[in-house]
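Protein chains in written order, with my numbering: chain R, 23 to 238; chain B, 23 to 238. Worksheet for the structure shown next.
Protein chains: 2
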Amino acid sequence: MKIVAAKKILKANDQLAAENRARLDAAGVFCLNVVGSPGSGKTTLLEALFAQLKDRLKPAVIEGDIAGSIDSERMERIGVPVVQINTEGACHLDANMIASALKEIELKGIDLLAIENVGNLVCTAGYDLGERLRIVVLSTSEGDDKARKYPAIFQGSHAMLITKTDLLPHTDFDLERIAADFKRLAPEGAVFQVSAVRGDGIAEAADWLADKCRGN
Amino acid sequence: MKIVAAKKILKANDQLAAENRARLDAAGVFCLNVVGSPGSGKTTLLEALFAQLKDRLKPAVIEGDIAGSIDSERMERIGVPVVQINTEGACHLDANMIASALKEIELKGIDLLAIENVGNLVCTAGYDLGERLRIVVLSTSEGDDKARKYPAIFQGSHAMLITKTDLLPHTDFDLERIAADFKRLAPEGAVFQVSAVRGDGIAEAADWLADKCRGN
């Protein structure tokens with residue numbers, strides 16, 4: 023694991039994001055930006071997807087956190103190369119941080135680079151990192167009103183992964199309501215229901231992601 | 023319900039926060055800033071606390087949201103005066119927004135003004151609103167590593183309310199771990215475990231809040 027401290031933003035974010043995208047495309051690496059609230063289950067979802075995809079794709083991860091390296095240690099435990107970005111207070115990753123982190127990753131042989139953003143349903147929405155796909159992770163325990171209260175992050179995402187469906191019997195979460203709200207904000211967006219602890223829905227989400235990686 | 027759009031910040035936040043605090047103190051209103059992730063259960067907690075305190079305190083609420091008025095409608099349904107602030111994308115409330123909202127509230131007869139901040143475990147940490155007390159709400163479904171990953175918000179809070187304890191049997195949330203982390207960040211901080219849907223722990227938290235309102 024390597025740790026990169028967030029540096030002052032030197033160039034406009036969009037320009038740097040385009041440079042990151044070009045660099046990753048040239049290296050044949052498909053880049054995924056994973057956003058969601060703190061505790062929505064982003065790391066656990068990635069662990070489950072990587073296990074499902076282990077014979078098909080070679081992944082690497084960039085972990086974004088305010089402080090610490092808890093999630094990076096989890097990735098190391100499952101043998102996935104990881105770079106930790108400590109934002110030192112910043113509430114989202116930006117393209118400049120990703121450009122710095124990319125210098126620490128051996129892209130050769132990597133098919134999928136997953137960037138786990140800082141847990142934040144607001145600020146991450148405004149920053150293109152150079153990804154090809156953005157997914158928003160929403161857990162059933164967060165409530166089904168989140169797309170109405172935080173529309174921007176849903177609007178700019180290619181898929182919504184509803185996590186912790188094992189908790190559905192213990193909540194009043196309405197799957198139809200959130201799906202309808204997401205459809206309104208992102209008409210082309212895919213919706214998956216998963217329980218990483220039970221494995222429900224992981225195969226479908228992994229197949230979809232593998233298809234996207236192959237350019238479909 | 024009245025809706026105030028977020029205005030350009032005109033003065034330094036801390037100065038405005040001090041002015042808000044002086045104004046609220048002069049009016050005999052105790053101000054509470056409630057922070058936490060999206061879906062941590064802030065609104066449901068306030069509903070439960072207000073029900074418990076209804077013969078002791080007269081509350082009012084300022085609701086902060088990126089968009090919409092879902093939470094304000096919930097407050098109106100239980101007869102609590104409410105002002106909705108739409109931040110129009112901003113990821114936290116600030117003291118200037120609160121100063122604007124205060125113009126829309128009849129403070130006379132109000133004992134407790136609860137400000138429900140935007141759901142955000144990062145950006146809300148840096149902004150004093152003029153409150154006397156800040157509580158951080160963390161749900162059991164978010165995971166017990168949050169104080170380590172988002173230390174600033176816990177460090178500046180007077181109490182941590184662990185919500186959704188009814189979900190404990192269905193998660194691996196470790197109450198001792200989060201309590202130890204919180205104690206390290208906020209040695210004087212109080213910890214409450216509540217389930218608003220079952221009512222567990224609400225009386226204790228409400229008694230503590232009522233004591234604080236009375237200056238104890």
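Don't be surprised by glycine CBs; every beta carbon is placed ideally from N, CA and C.
Using a Cβ-Cβ cut-off of less than 9 Å, give me the residues of the stretch 131-144 of chain B that come near chain R, in sequence order. V140, G141, N142, L143, V144
For R170(R), which residues in chain B fall below 8 Å Cβ to Cβ? If you number the first sequence from 1, residue 170(R) lands on position 148. Within 8 Å Cβ-Cβ: A89, G90, I92.
What three-state label does DSSP hand F204(R) in the structure shown? Counting from one through the first sequence, the residue named residue 204(R) turns up at place 182. Note: F204(R) maps to helix in three-state DSSP.
If you count every other CB in all the chains shown that lies within 10 Å of the CB of L151(R), and 16 or more means buried, which is it? Counted from its first residue, the first sequence places residue 151(R) at position 129. So L151(R) ends up on the buried side.
Per DSSP, what are the beta-bridge partners of F214(R) in this structure? Indexing the first sequence from 1 puts residue 214(R) at position 192. Paired residues: L183(R).
Tell me the rounded alpha-carbon separation between G165(R) and D194(R). What you label residue 165(R) is simply residue 143 of the first sequence in a count that begins at 1. What you label residue 194(R) is simply residue 172 of the first sequence in a count that begins at 1. So the alpha carbons of these two residues sit roughly 8 Å apart.
Could you tell me the boundaries of the beta strand (DSSP E) in which I107(R) lies? Locating residue 107(R) in the first sequence gives position 85, where the first residue counts as 1. Start and end: 104-108.
Note the first and the last residue of the continuous alpha helix (DSSP H) segment covering E95(R). By 1-based counting over the first sequence, the position of residue 95(R) is 73. Here the alpha helix (DSSP H) through E95(R) covers 92-99.
Counting along the chain, where does the alpha helix (DSSP H) carrying L75(R) start and finish? By one-based count along the first sequence, residue 75(R) stands at place 53. First-last for L75(R): undefined, no H or E at that position.
If you draw a straight line from the C-alpha of I175(B) to the C-alpha of R236(R), how long is it? Locating residue 175(B) in the second sequence gives position 153, counting from the first residue. Locating residue 236(R) in the first sequence gives position 214, counting from the first residue. Each residue's alpha carbon lies about 41 Å from the other.
Taking only beta-carbon positions, decide if L189(B) is within less than 9 Å of chain R. Along the second sequence, one-based indexing puts residue 189(B) at 167. Yes, contact with chain R.
Which class does I120(B) belong to by DSSP, given the choice of helix, strand or coil? Along the second sequence, read from residue 1 onward, the residue named residue 120(B) stands at position 98. Residue state, collapsed to three classes: helix.
Are there 16 or more other CB atoms within 10 angstroms of the CB of D116(B), so buried, or fewer, so exposed? As a working mapping, residue 116(B) is identified with position 94 in the second sequence. Under this definition D116(B) is a buried residue.
How about I120(R) and E85(R): do their beta carbons lie closer than 9 Å? Sequence index remark: in the first sequence, residue 120(R) carries index 98 (1-based). Sequence index remark: in the first sequence, residue 85(R) carries index 63 (1-based). The answer is no: Cβ separation not under 9 Å.
Is R45(R) helix, strand or coil when you go by DSSP? Counting from 1 along the first sequence, the entry for residue 45(R) is found at position 23. Looking at R45(R) - three-state DSSP - the assignment turns out to be helix.
Skipping 5 residues on each side, what residues in its chain have a beta carbon closer than 7 Å to that of L46(R)? The residue labelled residue 46(R) in the question sits at position 24 within the first sequence. Counting only Cβ-Cβ distances below 7 Å, and skipping sequence neighbours, we find C53, L135, G152.
Alpha helix (DSSP H) segment containing R220(B), residue limits: Numbered from 1 along the second sequence, position 198 holds the residue referred to as residue 220(B). That residue, R220(B), is in no alpha helix (DSSP H); it is neither H nor E in DSSP.
My guess is that N35(R) and L124(R) are in contact by the Cβ rule of under 8 Å, so how many angstroms apart are they, rounded? Here residue 35(R) refers to the residue found at position 13 of the first sequence. Here residue 124(R) refers to the residue found at position 102 of the first sequence. Not quite, the Cβ-Cβ distance comes to about 15 Å (not below 8 Å), so this is no contact.
Spell out whether any CB of chain B is found under 9 Å from the CB atom of G211(R). Mapped onto the first sequence, residue 211(R) falls at position 189. For G211(R), not one C-beta of chain B is nearer than 9 Å to its own C-beta.
Close Cβ partners of N142(B) (< 7 Å) along its chain, the five nearest in sequence each way excluded: Counting from 1 along the second sequence, the entry for residue 142(B) is found at position 120. Only C113, H114 meet the Cβ criterion.
Is there a C-beta anywhere in chain R that falls below 9 Å from the one on G178(B)? Translated into the one-based positions of the second sequence, residue 178(B) becomes position 156. G178(B) does not count as touching chain R.
Contacts that G86(B) makes with chain R (C-beta to C-beta distance below 8 Å): Residue 86(B) sits at position 64 when you count from the first residue of the second sequence. Within 8 Å Cβ-Cβ: nothing; G86(B) doesn't reach chain R, min ~10 Å.
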